[in-house]
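Written below as structure tokens is the structure these notes are about.
In the working numbering, the protein residues as written are 3 to 334.
What follows is the structure in structure tokens.
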């Protein structure tokens, strides 16, 4: 049985570079992730060492077989059908890979993924050196352990003790859209989808903004992401729509947003450019010996609804190797 879903809040700021290889495939810059990964099992928190992880376009991608080891599921590749099969009732027999602390080139993976015999055609995945890497957030929506992101410590914690099979929160299920919608995600036209969600998706309102439309391989699958904004800040709550030949479905985390008891006195629209530049400068402290390859900043609310500027910086050393840092600059 597929375990209940869990949440991982991570930035989606675009920082990766895009080029093309000799075969015409888009290639993406995969940078070694500097996030610390911990697991909680039987009440004991343990740091996961040497897990192969990369940062691509601001999101963390982990080797699928390594995720199977720490989340305790079995991964099998069928070369005849070019399919990946995940069995959550069996434990992994793989060994943890050793991370290489260097940048890599990544290409989009188009392999079909079956989890407990159910096809998931919209999971964003990249192939790096012949291995499949998945967004830990996307995969978590299906497998189902609680996962907490701590921006101050660059820390991801997965709680293996939190398999709540009886959780019926609406954010933990895929909701099917049975109505025929006149949309063309390839051309960026999802207006009919937005209007449908405004009428039917719980919590979806004028503060929900279209964040991204992502193509998922060459089979015509797309993922559409809407983010919820509050007082000029992007919250950690989103609604993710999966479009495939099997139909349209969505996962709604916007419904989880609860402002009760919180007093947010700062309006994100009033945050000055000078404040944003100050946050960017703070993010560079301690890295004076490295060249800044790129830097992005976004006004967000953290898990506790504290207003902040979230800065993602890609540094380059003298050898040309790159690494990513995430910096949280609180405004209150």
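Glycine residues also receive a C-beta, built at the ideal position from the N, C-alpha and C atoms.
Here the structure is a predicted model, which is why all the values come from computation and not from measurement.
If you draw a straight line from the Cα of residue 131 to the Cα of residue 108, it is about 8 Å long. CA-CA distance, residue 138 to residue 62, rounds to 6 Å. Secondary structure of residue 280 (DSSP, three-state): helix.
Residue range 157-161 is occupied by the beta strand (DSSP E) that includes residue 160.
By the neighbour-count criterion, in which a residue is buried when 16 or more other Cβ atoms sit within 10 angstroms of its Cβ, residue 265 is exposed. Here residue 281 has 299, 311, 313, 331 as same chain residues with Cβ atoms under 7 Å from its own Cβ, once five neighbours each way along the sequence are excluded.
Remark: C-beta atoms of residue 43 and residue 162 approach each other more closely than 7 Å.
A direct Cα-Cα distance of roughly 5 Å separates residue 74 from residue 93. The beta carbon of residue 269 is closer than 6 Å to those of 233, 234 in its chain, skipping five residues each way along the sequence.
A distance below 7 Å between beta-carbons, with the five flanking residues on each side excluded, links residue 273 to the following residues of its chain, in chain order: 301, 333. For the pair residue 53 and residue 112, the Cα-to-Cα distance works out to about 23 Å.
Secondary structure of residue 298 (DSSP, three-state): strand.
The region 214-226 makes contact with the region 241-248; the number of CB pairs closer than 8 Å reaches 3 or more.
Distances from the CA of residue 58 to each of 217, 231, 29 were compared; the closest alpha carbon is that of 29. DSSP, reduced to helix, strand and coil, places residue 113 outside both helices and strands of the structure shown, so it counts as coil. By the Cβ-count criterion, residue 285 is buried, with 16 or more other Cβ atoms from all chains shown falling within 10 Å of its own Cβ.
For the region 189-273, the continuous beta strand (DSSP E) assignments of 3+ residues that do not extend past its boundaries occur at 210-218, 223-232, 235-246, 249-254, in sequence order.
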